[in-house]
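Input: a single structure, listed below in structure tokens.
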Amino acid sequence: LTSCGLCRIMRPDDANVVGNVHGGIILKMIEEAGCIVCTRHCNTQHGDRCVAALVRVEKTEFLSPVFIGEVAHVSAEITYTSEHSLEVQAKVMAENILTGAMKVANKAALWYVPCSLQNVEKIMEVPPIKYVSAEQEEEGRRRYEAQKKERLETTKARTEELVAPPSNPEQHTVGFSQSSLIHLVGPLDCTLHNYVHGGVTMKLMDEVAGIVAARHCRTNVVTVAVDAINFHRTIKKGSVLTVSGRLTFTSNRSMEIEVLVDVSSLVEPEMGQYRAVSAFFVFISLDKYNRVMSVPPLKIKGEEEQRRFDEGSGRYLQNKAKRVTDQEGQQ
Amino acid sequence: LTSCGLCRIMRPDDANVVGNVHGGIILKMIEEAGCIVCTRHCNTQHGDRCVAALVRVEKTEFLSPVFIGEVAHVSAEITYTSEHSLEVQAKVMAENILTGAMKVANKAALWYVPCSLQNVEKIMEVPPIKYVSAEQEEEGRRRYEAQKKERLETTKARTEELVAPPSNPEQHTVGFSQSSLIHLVGPLDCTLHNYVHGGVTMKLMDEVAGIVAARHCRTNVVTVAVDAINFHRTIKKGSVLTVSGRLTFTSNRSMEIEVLVDVSSLVEPEMGQYRAVSAFFVFISLDKYNRVMSVPPLKIKGEEEQRRFDEGSGRYLQNKAKRVTDQEGQQ
Amino acid sequence: LTSCGLCRIMRPDDANVVGNVHGGIILKMIEEAGCIVCTRHCNTQHGDRCVAALVRVEKTEFLSPVFIGEVAHVSAEITYTSEHSLEVQAKVMAENILTGAMKVANKAALWYVPCSLQNVEKIMEVPPIKYVSAEQEEEGRRRYEAQKKERLETTKARTEELVAPPSNPEQHTVGFSQSSLIHLVGPLDCTLHNYVHGGVTMKLMDEVAGIVAARHCRTNVVTVAVDAINFHRTIKKGSVLTVSGRLTFTSNRSMEIEVLVDVSSLVEPEMGQYRAVSAFFVFISLDKYNRVMSVPPLKIKGEEEQRRFDEGSGRYLQNKAKRVTDQEGQQ
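Set out below in structure tokens:
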């Protein structure tokens, strides 16, 4: 019972006008499966009842597009437990029930911590899982240490303010496609303890990133990858989320969009505003036959944009190198 | 691959104010699982691609209530195939992920037919399933013949018009609690071939029945049983559904509500209006500790209401007798 | 921080079968932005935490249609504050992100009052905003006095009962297209203090008006204007709304529909039933190229219908005269 499967038919409101299911919908389903499996596992012990809260999603790639009418199957399994956290590995298969075709849409790894329902600030202990082999446990520990290190490093980063774009920005500049939306957190967005599901936040982030990408290239755009996402702080019911996106980098065939989530409370202004999440989304542009098209190059204005472009370029080259290594590793 | 499981966390909008998940939500999930498993099975052959359309749900009982925050697991399996129809047996388990408790919430049997995507009037042939034993197949055939006979009998029945209640009806009369809603069929309600999912219709029917029951007894009410439902005709996108409910019978501790679904087209007036579905829902009334309360007796006005009351009373006694027989059979 | 912008992509379930976004969706978004900006502003002071409740929307016109796939941008700004109320001016732009085209879809003015979260009957004081000029403040005060006067006048009006139509009404009569729906208020419909969002009510009203209009002329219909709407009383979670619509007037190219919202409580019968809102919606009929079509004339039966028709005719001529004056004023 350390695994969980959920599936449903993809509906028109899960997809864009052309019928491609939004990456954010897939991320939201993965997170629901992860939350179920971790909450269930952590409540198999004595002590306070608790709910699992998402703290991190590892970098993930969208391997094949999913379409309206297909059935998305999400399976999630707990693959490592530390004293206070759980790793879940999830896989999404898309099934075309008319042709029987099955394809892997996504693989992701998520980290959760169990929060007490009595006192949401209290992190509970996690009952250990059993490993098939000592090697398997050791690999899990390595992943645990690596993500812990990275989380500590990025917590202080990416808190810079978002500057409003100039009023009549030139096409293909950062300011031209920069977008933001606000979302008032409602009861459906929340877990049992009235904190926002990580999946809800990721869906909103993907939505904004998609608008930025579509404004830049005026075509059908789809998510192909998401950078590791750290959830620095939990978000309460009654909050207002401001989700902002801006282009940081374009290659010939891809766009990188930085998405920032700022939180303020409608009713408790003394809480102030804080940065809850930030991440990079990568989108590509498709023609009407779903073939990858080239992307208009981003016009850079000023040093700040140049710096972010160079950093994006670095991530792009690193990922490209990693893909080559992975493929060679598989041969 | 003749079975399918789906699950999700029950959310606030799946439930009433007190936290009980609506019976209609459970019926809708069951129907989605049935549609997936039948559509998948019927497309494993050559010929037109097709989508499974619900034609009948056998009488079903809600065995335990489901609450917000619980995970509902629906499993559906094809248990019989005739030349042009499939029987699906479905089971719903409700899991409390905080305590680990699991309970059976519902068991249901549904009948589907495969409709061609090219020509929705064309019913396709169904690839036969394999049976574990000749006995199992024989039992399936018996269920098939029984439901076929019953469907033929009820197709012409229950087409009587619904009379508007008097303007100031007395409390606890049929007119006092009679209710109806209209629903414009949208894209989210539809299958790939733009016909309304049977589950959507059942959810609306349960919603109206619940309002009728609550108006009658002014308490927390929940669905405990649904009569066999026959879907006489399919319903297209762009239709307007008028779903009406009226009390037909009350026992000491239950209410029977007749629900009628009338369909007209906004854009094709030549279609006229027709009765697409009708069924009886049974509700009970609960106090704040979820204990069954007594129901105010229905005040009958006129011969028509008396006739319907007597018929309801007949169904009530028959079900009661059947439950006794079933329990004895299990001992 | 006296302004707020929100945007989102229009989805299939926001629109009718032909792809036109429902006027009710636009009204709901405007109201959400207004609620956020007012709630935020009123909580910048000491004292009870509070939530802004909508009390009035000024007459508004839908200037251009919005379609699925477009991004609707709503901006809302507080433009006047009295001791206990706030005026918000909102503007909706529709952006086609594929072509970059932007058009004004709607402009509206809304009035809110802040209700204490501790005691929802208590209206809080509103912190004053700063005005650019004394003139601006003076104009705001004029608008405030005008709406106050009008609200007082209409509070007692429009409480007449809705008579059920005859059982076989003739086409193009009032009875033929008269429609009503019931809606059980759920958690999603509510603000933080469990009162129904004004935007939810307006969306339901637009839905009923649209069904009435479509039944009358059997074509694609869209909202072009809404009369000033006064929210006489707040609506609680657990209420049942009966939303009824009937044609009052047709010109060559438009239909006026009166929509009434009656509220009763499922759980507190002693509350009785009351009329919470009423308004007039104006619809036009479009052909498949989105060109305005002529409307079948309304067949009037009886004195009451004639009186309402004449009143509707008066509003129609007044609005027409006002449009001419406005256009001349702009030259």
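Protein chains in written order, with UniProt numbering: chain A, 1 to 331; chain B, 1 to 331; chain C, 1 to 331. Note that the Cβ used here is the ideal one computed from N, Cα and C, for glycine as well.
Ignore the nearest five residues each way along the sequence and tell me which others in residue i's own chain have a CB closer than 6 Å to its CB.
i: Ala157 (chain C); result: Only weak support exists for where Ala157 (chain C) lies, its pLDDT of 48 falling under 50; the value from the coordinates is given anyway. Here the set comprises nothing.
i: Lys59 (chain B); result: Asp227 and Ala228
i: Gln89 (chain B); result: Glu77, Thr79 and Ala109
i: Ser116 (chain C); result: Asp48, Cys50, Lys122 and Met124
i: Lys299 (chain C); result: His172 and Thr173
i: Val55 (chain A); result: Trp111, Val113 and Phe231
i: Asp262 (chain B); result: Thr242, Gln273 and Arg275
i: Met102 (chain C); result: Met93 and Glu95
i: Ser107 (chain A); result: Ser is not the amino acid found at residue 107 (chain A); the sequence shown has Lys there. So the qualifying residues of the chain are Lys91.
Short of 8 Å in beta carbon distance, which residues of its chain neighbour residue i, apart from the five on each side in sequence? Order them along the chain.
i: Glu137 (chain A); result: Tyr80 and Tyr131
i: Lys236 (chain C); result: Val185, Asn194, Tyr195, Val196 and Ser265
i: Ala292 (chain B); result: The question names Ala, but residue 292 (chain B) in the sequence shown is Val. Hits under 8 Å: Arg253, Ile284, Ser285 and Leu286.
i: Glu207 (chain A); result: His22, Gly24, Leu181 and Val243
i: Pro166 (chain C); result: Gly175
i: Ala105 (chain C); result: Ile26, Phe62, Leu63, Ser64, Pro65, Val66, Ala72, Val92, Met93 and Ala94
Check residue i in the structure and name its three-state DSSP category.
i: Val41 (chain C); result: Looking at the sequence provided, one finds His at residue 41 (chain C) rather than Val. Of the three classes helix, strand and coil, the one that applies to His41 (chain C) here is helix, per DSSP.
i: Leu98 (chain B); result: coil
i: His216 (chain C); result: helix
i: Met255 (chain C); result: strand
i: Lys103 (chain A); result: strand
i: Tyr144 (chain A); result: helix
i: Glu170 (chain C); result: coil
i: Gly302 (chain A); result: helix
i: Pro114 (chain B); result: strand
i: Ala157 (chain B); result: Bear in mind that a pLDDT of 49 at Ala157 (chain B), under 50, signals an unreliable position, so the model cannot answer this.
i: Tyr80 (chain B); result: strand
i: Glu87 (chain B); result: strand
i: Leu181 (chain B); result: strand
i: Arg291 (chain B); result: coil
i: Tyr195 (chain C); result: strand
i: Gln273 (chain A); result: coil
i: Leu266 (chain B); result: coil
i: Glu61 (chain C); result: strand
i: Leu247 (chain B); result: strand
i: Leu162 (chain A); result: coil
i: Asn319 (chain B); result: helix
i: Ser313 (chain B); result: helix
i: Gly24 (chain C); result: helix
i: Ile129 (chain B); result: coil
What's the call for residue i, buried or exposed, on a 16-neighbour Cβ count within 10 Å?
i: residue 349 (chain A); result: The structure shown does not extend to residue 349 (chain A), since chain A spans only 1 to 331, so no value can be given for it.
i: Thr248 (chain A); result: buried
i: Ser239 (chain C); result: buried
i: Ser294 (chain C); result: exposed
i: His216 (chain C); result: buried
i: Arg308 (chain C); result: buried
i: Tyr274 (chain A); result: exposed
i: Val21 (chain B); result: buried
i: Gln147 (chain B); result: buried
i: Gln118 (chain A); result: exposed
i: Val66 (chain C); result: buried
i: Arg246 (chain C); result: buried
i: Leu327 (chain B); result: Before going on, a small fix: residue 327 (chain B) reads as Gln here, not Leu. Label assigned to Gln327 (chain B): exposed.
i: Asn290 (chain B); result: exposed
i: Ala213 (chain C); result: buried
CB-CB under 7 Å to residue i, same chain, minus the five flanking residues each way: which ones, in chain order?
i: Pro128 (chain C); result: Thr81
i: residue 351 (chain A); result: Examination of residue 351 (chain A) is not possible in this model, given that chain A is present from 1 through 331 alone.
Selection of the stretch 167–185 of chain B by Cβ proximity to chain C, strictly under 8 Å: For the stretch 167–185 of chain B, the residues whose beta carbon sits under 8 Å from a beta carbon of chain C are, in order, Ser167, Ser179, Ser180, Leu181, Ile182, His183 and Leu184.
Is it a yes or a no for the stretch 190–203 of chain C touching the stretch 180–189 of chain B, going by three-plus beta-carbon pairs under 8 Å? Verdict: no, contact absent.
Specify whether the stretch 142–151 of chain A and the stretch 60–77 of chain A touch according to this definition: at least 3 beta carbon pairs, one from each stretch, less than 8 Å apart. Because the criterion of three Cβ pairs below 8 Å is not met, the stretch 142–151 of chain A and the stretch 60–77 of chain A do not touch.
Could you please tell me which residues of the stretch 60–78 of chain C, in chain order, have their CB closer than 7 Å to any CB of chain B? The residues in question: there are none.
Check distances from the C-beta atoms of the stretch 215–244 of chain A to those of chain C and list, in chain order, the residues that come in under 9 Å. Cβ contacts with chain C: Arg215, Arg218, Thr219, Asn220, Lys237, Gly238 and Val240.
Listed in chain order, which residues of the UniProt domain "HotDog ACOT-type" (1–118) of chain A have Cβ atoms closer than 8 Å to some Cβ of chain C? Within the UniProt domain "HotDog ACOT-type" (1–118) of chain A, the residues whose Cβ lies closer than 8 Å to some Cβ of chain C are Pro12, Asp13, Asn16 and Val17, listed in chain order.
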